[in-house]
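Colleague: One structure, as structure tokens, below. Some questions next.
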Amino acid sequence: PQVPVSIDLRDPWAFDGAFAYSRKALWRQNMSAMRGTLNEVDGVIVNTPEVLKRVKQSFTELDPSRLEYVTNGFEPDLFDSPKPSQPEAFEPGYMHLVHVGMLHSWVVMRYRGFTGWLRKLKNYRAEPVDVLGRTAVPIMQAIGQLNREQYPGIEKLRLVLVGLKDEATEQLAVQSGCSDQVVMTGYMPHDEAVAWQRWADCLFLPLHG
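Shown next, in the form of structure tokens:
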């Protein structure tokens, strides 16, 4: 009982619109669990100023002096040091558009067809989000369109997805008409993921807004 305890939320828990609930009552239960947990601890850390603002607005009983945000960070030395060797799948002479992290491609599959439409209509989210914004679908569709238009040089583009290698993303690449240009590395050690970031011609960061 004498040991101070802090909770560090790297994601905004019940505020996160990326998570869909089959019923609004389940979201309310999650909010109640979040409130109870935050009230039990001595300090609360979130990862953005916006989440901090929402915590203060939603849980007014919390002492503001116990709340703070610490953004997700990185080690500057990893990017200031000499450039590492090229990643194994790097193709000299090609343009590499790189995403490092997790994509939610399975969500797109979940909401396809009439059954998916009904599921989307029924589900509740804490905030309205476009699920495509947590995927590579928009950029895949753009590459597919340029392929169909035979845009000069498009065959020299590679979309490199560093992270989870899953069947849903592979299917979306095929359906978008760019599967030959998508490289999925699967999970890899942190230093190899950083190497892809440093060798990239351009970095792709999807947002769900």
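Sequence positions in the sequence shown follow my numbering and run 24 to 232.
The C-beta atom is built at its ideal place from N, Cα and C for all residues, glycine as well.
In whole angstroms, what is the alpha-carbon distance linking V130 and Q25?
Modeller: The sequence position of residue 130 within the sequence shown is 107, counting from 1. The sequence position of residue 25 within the sequence shown is 2, counting from 1. Rounded to whole angstroms, V130 to Q25 spans 44 Å at the Cα level.
Colleague: Evaluate contact between the segment 206 to 213 and the segment 149 to 159, counting only Cβ atoms and requiring at least three cross-stretch pairs below 8 Å.
Modeller: No, the segment 206 to 213 does not touch the segment 149 to 159.
Colleague: Between which two residues does the alpha helix (DSSP H) holding E114 run?
Modeller: Counting from 1 along the sequence shown, the entry for residue 114 is found at position 91. That residue, E114, is in no alpha helix (DSSP H); it is neither H nor E in DSSP.
Colleague: Can A43 and R157 be called in contact, C-beta distance under 7 Å?
Modeller: For the purposes of this step, residue 43 is taken as residue 20 along the sequence shown, with counting starting at 1. For the purposes of this step, residue 157 is taken as residue 134 along the sequence shown, with counting starting at 1. Cβ atoms of A43 and R157: not closer than 7 Å.
Colleague: Under a three-way DSSP split, which group does R77 fall into?
Modeller: Numbered from 1 along the sequence shown, position 54 holds the residue referred to as residue 77. Helix, per DSSP.
Colleague: From R51 to F38, what does the alpha carbon distance come to, in whole angstroms?
Modeller: Along the sequence shown, read from residue 1 onward, the residue named residue 51 stands at position 28. Along the sequence shown, read from residue 1 onward, the residue named residue 38 stands at position 15. Approximately 11 Å between the Cα atoms of the pair.
Colleague: So, are the CB atoms of I16 and E91 less than 7 Å apart?
Modeller: Nothing about residue 16 can be read from this structure; the chain reaches only from 24 to 232.
Colleague: If we ignore side chains and look at the alpha-carbon of each, how far apart do Q198 and P35 end up?
Modeller: Indexing the sequence shown from 1 puts residue 198 at position 175. Indexing the sequence shown from 1 puts residue 35 at position 12. Distance between the alpha carbons of Q198 and P35 is about 33 Å.
Colleague: So, for R171: in the same chain, excluding its five sequence neighbours on each side, which residues have a beta-carbon less than 7 Å away from its beta-carbon?
Modeller: If you number the sequence shown from 1, residue 171 lands on position 148. Result list for R171: G200, in chain order.
Colleague: Please give the ranges of any beta strand (DSSP E) in the segment 46 to 92, keeping only runs that are unbroken, at least 3 residues long and fully inside the region.
Modeller: DSSP runs (the beta strand (DSSP E)) wholly in the segment 46 to 92: 66 to 69 and 90 to 92.
Colleague: How big is the Cα-Cα spacing for L126 and A159?
Modeller: Walking along the sequence shown from the start, residue 126 turns up at place 103. Walking along the sequence shown from the start, residue 159 turns up at place 136. Looking at the two C-alpha atoms, the distance is approximately 7 Å.
Colleague: Give a yes or no on whether the C-beta atoms belonging to K188 and M207 are separated by under 7 Å.
Modeller: On the sequence shown, position 165 is the one that residue 188 refers to. On the sequence shown, position 184 is the one that residue 207 refers to. Contact flag set, yes.
Colleague: Among residues of its own chain, excluding the 5 on either side of L32, which ones have a beta-carbon nearer than 8 Å to its beta-carbon?
Modeller: Here the question's residue 32 lines up with position 9 in the sequence shown. Only V67, I68, V69, N70 and V74 meet the Cβ criterion.
Colleague: Can you tell me which of V93, T94 and T83 puts its alpha carbon nearest to the alpha carbon of R58?
Modeller: Walking along the sequence shown from the start, residue 58 turns up at place 35. Minimum Cα distance to R58 is reached at T83.
Colleague: Which ranges does the beta strand (DSSP E) cover as unbroken runs of at least 3 residues, wholly within the segment 115 to 173, from first to last along the chain?
Modeller: Listed in chain order, the complete beta strand (DSSP E) runs (minimum 3 residues) inside the segment 115 to 173 are 118 to 123.
Colleague: Between which two residues does the beta strand (DSSP E) containing S199 stretch?
Modeller: Position 176 of the sequence shown, counting from 1, holds the residue named residue 199. Where S199 is concerned, there is no enclosing beta strand (DSSP E), although the alpha helix (DSSP H) it sits in stretches over E190 to S199.
Colleague: With DSSP as the reference, label V206 as helix, strand or coil.
Modeller: Position 183 of the sequence shown holds residue 206. DSSP places V206 in strand when its eight states are reduced to three.
Colleague: How would you label T192, buried or exposed, when you count the other beta carbons within 10 angstroms and need 16 or more for buried?
Modeller: As a working mapping, residue 192 is identified with position 169 in the sequence shown. Buried.
Colleague: Between N53 and L85, which are expected to be in contact by the criterion C-beta below 8 Å, what is the C-beta distance as a whole number of angstroms?
Modeller: To locate residue 53, count along the sequence shown from 1; it is residue 30. To locate residue 85, count along the sequence shown from 1; it is residue 62. Contact flag wrong, Cβ pair sits at about 17 Å.
Colleague: Roughly how many angstroms lie between the CA atoms of K106 and Q220, to the nearest whole one?
Modeller: Counting from 1 along the sequence shown, the entry for residue 106 is found at position 83. Counting from 1 along the sequence shown, the entry for residue 220 is found at position 197. Distance between the alpha carbons of K106 and Q220 is about 11 Å.
Colleague: Quick one: what does DSSP say V183 is sitting in, helix, strand or coil?
Modeller: Here residue 183 refers to the residue found at position 160 when the sequence shown is read from its first residue. Strand.
Colleague: So, at 6 Å on beta carbons, what are the nonlocal neighbours of R181 in its own chain, with the 5 sequence-adjacent residues on each side left out?
Modeller: As a first step, residue 181 is located in the sequence shown; it is residue number 158 there, counting from the start. Once the five neighbours on either side are set aside, the close Cβ partners of R181 are Y117, H119, Q204 and V206.
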